[in-house]
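Protein chains in written order, with my numbering: chain V, 497 to 946; chain D, 416 to 597.
Shown next, in the form of structure tokens:
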């Protein structure tokens, strides 16, 4: 007698995606994941630009956090399927659901315009992701709890970079030098900006790692060229997209505008706050509910209102932001002595005097400083001392010759120029464009240390 | 607007304070900076995260390598069971730059900020390396939950140490002696 073929009554849920073509989720076994996806907290990510205001520079960069989140879930599914094929240990199976949940929820705490708005509200998105998962009032929490197997606290601990209760490989898949988040956003951001960088053989990377004796991730030697491509993709995307001078200028403008409004509001000036923003600012410890009410459209409406505000510095910034009127970028003088950064206090005082002479009296809105830490100028920065290496600070490949994990740049000569010559921190100033020539002159005549 | 906090000058001074001007191992550098920062040395304000071997700062690692690349530090390597261990000393040019810089107004201000931690820094630089690793791990957990017993337990769990053992006891004592935050 012919055996009856078991066919699932519910076919997989399919999402069309420009990067992977199809992303599928099993409706039967992973119904909980689809329920999580449909929560209002996760759906809110549709209304958050993945790249903040990069669309001021790259008009196509209008993709949202939800699409990225789905991409991370897809890659996590692939990575776990690969692990399941090569490693039969129970811990792999048990970790699947919490890791998929953490992949789906890792960015759920993002606010308007993703990372760039964090200083405006004084928040860190990771902390809000954890709060949203832990808050019994959120639908995310309720769904996780209702499925019982995956307590919200486990998912929150996986997202929390400070928490070390889970094996290193699990944390590394979520956040490390080569994690699912980066694998998705580099290619996705490249596609939507049209920047043309950011291509690498992600499929090989996803299917060539193992868990080592320290419970950490290590890649096979055969994947080293794909990893090399990935590292260069990171380098090009940071240089051309994430740290683009124009984008950074608008980010600083947005920050300065919100700082100005906050300071006016604290001094008792009515800054015509929308209720969602007013409630958040007034609360000593804002609740998750208060936080989630601040949407990108709330922020844009607020900026529109400020464009007509009586405070000229505030309305000027709001108007410039809405009309995409750039400030000019100026580099500060190089320090005379390499042991200290330039004497920025003196330099900034000189710039402020110059601005005032030209009628720009509000320095906080007309002189914007952008400080990029060295780590953001470096696509991949491995720790070179072997006894301090892990997937968090190094990408390691297991060499066929010795069987030992080695940091990848020791195996690929071409990577050494970017790993052994680290980038320095960078400071830039943004100010009204009509000031550019005079500031350049000041800079050329500058002596740093008196 | 604030200035950049941790600067090449600070790292150069730590190396100058090491015995014979040679600071042995990057791990020692990391843990000394973390413990000094925890002791209240605001000038050493780098961002740290917890790694297998205790608190680790990519910023400190990057600053070290930038200084080597710029010829401000001399780096020597020695093989060990994990690959290599690295040691750092000041180049002749850096010694001269230090003198000039410390005579300037900015230099005098930075010297003042660091000088009060000189004795502690010198003591830490010569401490046993595992003790530095455990003490900085205890300090890291104490920052997350300001309770010494909890910090000790978490550090033991994380480092797989015997909770009653001498090594964790000595590490907790060192961390308690240094930590200023509540």
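Just so you know, even glycine gets a beta-carbon here, dropped at the ideal spot from N, CA and C.
Original post:
What did DSSP end up calling residue 416 of chain D once you bin it into helix, strand or coil?
Top reply: A caution first: residue 416 of chain D carries a pLDDT of 40, below 50, which makes its placement in the model unreliable, though a value can still be read off. Coil at residue 416 of chain D, not helix or strand.
**OP:** Quickly, what does DSSP pair residue 469 of chain D with across the bridge? List them, please.
**Re:** D:466
**OP:** Determine, using beta carbons only, whether residue 441 of chain D comes closer than 9 Å to chain V.
**Re:** yes
Subject >> Cα-Cα separation, residue 548 of chain V to residue 612 of chain V >> reply: 6 Å
Subject >> C-alpha gap between residue 574 of chain D and residue 562 of chain D, whole angstroms >> reply: Their backbone Cα atoms lie some 18 Å apart in a straight line.
Subject >> Among D:520, D:555, D:423, D:577, nearest to residue 469 of chain D - alpha-carbon criterion >> reply: D:555
**OP:** Could you check the C-alpha separation between residue 765 of chain V and residue 539 of chain V for me, to the nearest Å?
**Re:** 35 Å
Subject >> Straight-line Cα distance separating residue 763 of chain V from residue 933 of chain V >> reply: Taking the straight line from one Cα to the other gives about 35 Å.
Original post:
Going straight from the alpha carbon of residue 418 of chain D to that of residue 836 of chain V, what length do you get?
Top reply: For residue 418 of chain D, the predicted model reports a pLDDT of 42, less than 50, meaning its position is unreliable; a value from the coordinates is still stated below. One alpha carbon belongs to residue 418 of chain D, the other to residue 836 of chain V, and they sit about 10 Å apart.
Original post:
Does the stretch 901 to 908 of chain V come within contact of the stretch 924 to 932 of chain V, defined as at least 3 CB pairs closer than 8 Å?
Top reply: As far as the Cβ criterion goes, the stretch 901 to 908 of chain V does not touch the stretch 924 to 932 of chain V, which means the pair count is below three.
Subject >> chain V contact for residue 423 of chain D (CB, 9 Å cutoff) >> reply: yes
Original post:
Under 9 Å between C-beta atoms, does residue 473 of chain D make it to chain V?
Top reply: yes
Original post:
Beta-carbon of residue 630 of chain V versus every beta-carbon of chain D: anything under 9 Å?
Top reply: Under the Cβ distance rule, residue 630 of chain V does not count among the residues neighbouring chain D, no pair being separated by less than 9 Å.
**OP:** Using alpha carbons as the reference points, say which of V:698, V:573, V:630, V:941 lies closest to residue 674 of chain V.
**Re:** Distance from the Cα of residue 674 of chain V is smallest, within the candidate group V:698, V:573, V:630, V:941, for V:698.
Original post:
What number of angstroms, rounded off, separates the C-alpha of residue 775 of chain V from the C-alpha of residue 512 of chain D?
Top reply: 53 Å
Original post:
Would you report the Cα separation of residue 590 of chain D and residue 583 of chain D, rounded to the nearest angstrom?
Top reply: Approximately 10 Å between the Cα atoms of the pair.
Original post:
Is the Cβ of residue 886 of chain V closer than 9 Å to any Cβ of chain D?
Top reply: yes
Subject >> residue 717 of chain V in three-state terms, based on DSSP >> reply: Helix.
Original post:
Does the stretch 721 to 731 of chain V come within contact of the stretch 870 to 877 of chain V, defined as at least 3 CB pairs closer than 8 Å?
Top reply: yes
**OP:** Pull up the distance between the alpha-carbon of residue 547 of chain D and that of residue 553 of chain D, whole angstroms please.
**Re:** 10 Å
Original post:
In three-state DSSP terms, what is residue 617 of chain V?
Top reply: If DSSP states are grouped into helix, strand and coil, residue 617 of chain V belongs with the helices.
Original post:
Does the beta carbon of residue 504 of chain D come closer than 9 Å to any beta carbon on chain V?
Top reply: no
Original post:
Do you know whose CA, among V:635, V:826, V:541, V:573, lies nearest residue 558 of chain V's CA?
Top reply: V:541
Original post:
Taking Cβ positions only, does residue 512 of chain V come closer than 9 Å to chain D?
Top reply: no
Subject >> Among V:925, V:653, V:863, nearest to residue 851 of chain V - alpha-carbon criterion >> reply: Closest option to residue 851 of chain V, judged by alpha-carbon separation, among V:925, V:653, V:863: V:863.
**OP:** Pick out whichever of V:640, V:533, V:555 has its Cα sitting closest to the Cα of residue 690 of chain V.
**Re:** It is V:555.
**OP:** Starting from residue 523 of chain D, trace the alpha helix (DSSP H) both ways and give me its first and last residue.
**Re:** 520 to 530
**OP:** Check the Cβ-Cβ distances between residue 849 of chain V and every residue of chain D, and say whether any is below 9 Å.
**Re:** no
Original post:
Could one say the Cβ of residue 427 of chain D lies closer than 9 Å to chain V's Cβ atoms, at least one of them?
Top reply: yes
Original post:
Since residue 557 of chain D meets chain V, which of its residues come closer than 7 Å, beta carbon to beta carbon?
Top reply: Residues of chain V passing the Cβ test: none, with the nearest at roughly 13 Å.
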